[in-house]
Amino acid sequence: MEVILANPCGFCYGVQRAVRIAEEAADHLPAATLGPLIHNPQVTEELGKKGVLCKERLEEFSPGETIIFRSHGVSPSIYEEAVKKNLQILDATCPNVKMNQKKASQAVSEGYFVVIIGENAHPETKSVLAFCGNNGMILECKDDIGKVPPNGKYCVISQTTLELAKFEEMLGVLRQSRPGTYRVEKSICLATSERQKAAAELAERVDAFVVLGGRNSANTRHLTELVRAICPRCYQVETAKELSPEMFQGCSKVGITAGASTPDRIIKEAVMAMENMENKKMEGDFAAILAFIPASSSTVRSVR
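The sequence shown begins at 45 in my numbering and counts up one residue at a time.
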């Protein structure tokens, strides 16, 4: 069985930056993130082992402690409260999210109503919405368009991890329903677009596909939806331990990609475990396969 790794995949720049900030904070404890730094439970666990904990509420922090703002961003009120509480702030907000926050705030000051196309419950869209005051909303589906006020001036911003096709579809319906002046910010980050394009191209050439990433990761979920539409035999898993030989029976080529919050270690473990299924002839305890990870492989290759 040939295992083909999509290129690029895994950590994006914003996630790399956030993880680096959090790891460096381990030298200046006590420190903790406000909510999970990124949407990957394995990274959260690893940071915890280094002493950088995850706290869900600002009230859990003590004066003088270091607070790390997650990559998805936080509201202006959180910044203000952290300062009042005399916390040491490390801002790990993704630069692309930070840019969306600034664009939203600027648009409101110029009289626009901000429409954020993305997921209602996602911390990124919530953080951007918080910069809009009462002059914005999150648009998740077509049914929500009726809630958009007839303002006449709209600034439309995309969640950075959204699929471009979904954004353009929603934008088209919005324009028809709410005519007016539009400022459109197609702020889907380059890393997201590149990963989606690479995964879609690879999905056309394989018998099965594995998408690695946290179950609460939006970009991982979007990758899975995109791939599954092309290659129905698609599995989304968090780690190699969730893989089984039965998933790939009869497959000669299997593709792999990973969400932007998935560490390289998890990707390598999955690739090597799948490669060894062939060597083990799909027999015995799969835990033994996971334990046997070679230093190199001749059957694994990365493609663009």
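Heads up, the beta-carbon is just placed ideally off N, CA and C, and yes, glycines get one too.
For residue 229, the enclosing beta strand (DSSP E) covers residues 225-229. For residue 254, the enclosing beta strand (DSSP E) starts and ends at 252-256. Contact check for residue 163 and residue 201: beta-carbon distance about 13 Å, past the 8 Å limit, so the pair fails to qualify.
Residue environment analysis places residue 115 among the buried positions, since at least 16 neighbouring C-beta atoms fall within 10 angstroms of its C-beta. Under the three-state reduction of DSSP, residue 306 is assigned to coil, being neither helix nor strand.
Within the stretch 78-132, the alpha helix (DSSP H) runs of at least 4 residues that lie entirely inside it are, in chain order, 85-93, 120-128.
Beta-bridge annotation (DSSP): residue 57 is not paired with any residue.
In its chain, beyond the 5 residues on either side, 58, 115, 116, 117, 168, 171, 172, 204 have a beta carbon closer than 8 Å to the beta carbon of residue 141. For residue 197, the enclosing beta strand (DSSP E) begins and ends at 197-202. Closest in C-alpha terms to residue 176, from the list 48, 152, 61, 184, comes 152.
Bounds of the beta strand (DSSP E) holding residue 280 are 278-281. Taken through DSSP and simplified to helix, strand or coil, residue 45 comes out as coil. Judged by DSSP secondary structure, residue 152 falls within the alpha helix (DSSP H) whose first and last residues are 139-153. According to the DSSP secondary-structure assignment, residue 274 is paired through a beta bridge with no residue. Contact between residue 261 and residue 83 is confirmed by a C-beta separation of about 4 Å, below the 8 Å threshold.
The closest CA to that of residue 113, considering only 250, 106, 126, 103, is found on 126.
Around residue 192, the same chain offers 157, 159, 181, 183, 198, 218, 221, 222 as residues with beta carbons nearer than 8 Å, after the five sequence neighbours per side are excluded. Closest in C-alpha terms to residue 314, from the list 269, 253, 270, 263, comes 253. The straight-line gap separating the alpha-carbon atoms of residue 79 and residue 238 is approximately 27 Å. In the three-state reduction of the DSSP assignment, residue 301 falls in the strand class. Rounded to the nearest angstrom, the gap between the Cα atoms of residue 303 and residue 108 is 35 Å. Partner residues in the beta bridge of residue 76, as assigned by DSSP, are 97, 111. Sequence-distant Cβ neighbours of residue 311 in its own chain, meaning closer than 8 Å and more than five residues away, are 49, 53, 54, 256, 300, 302.
Residue range 234-247 is occupied by the alpha helix (DSSP H) that includes residue 246.
Here DSSP, grouped into helix, strand and coil, assigns residue 180 to strand. In the structure shown, the three-state DSSP call for residue 165 is coil. By the neighbour-count criterion, in which 16 or more other beta carbons inside 10 Å mark a residue as buried, residue 294 falls on the exposed side. In this structure, the CA atom of residue 278 is about 17 Å from the CA atom of residue 306. Membership of residue 213 in the alpha helix (DSSP H) is indicated by the continuous run 208-221.
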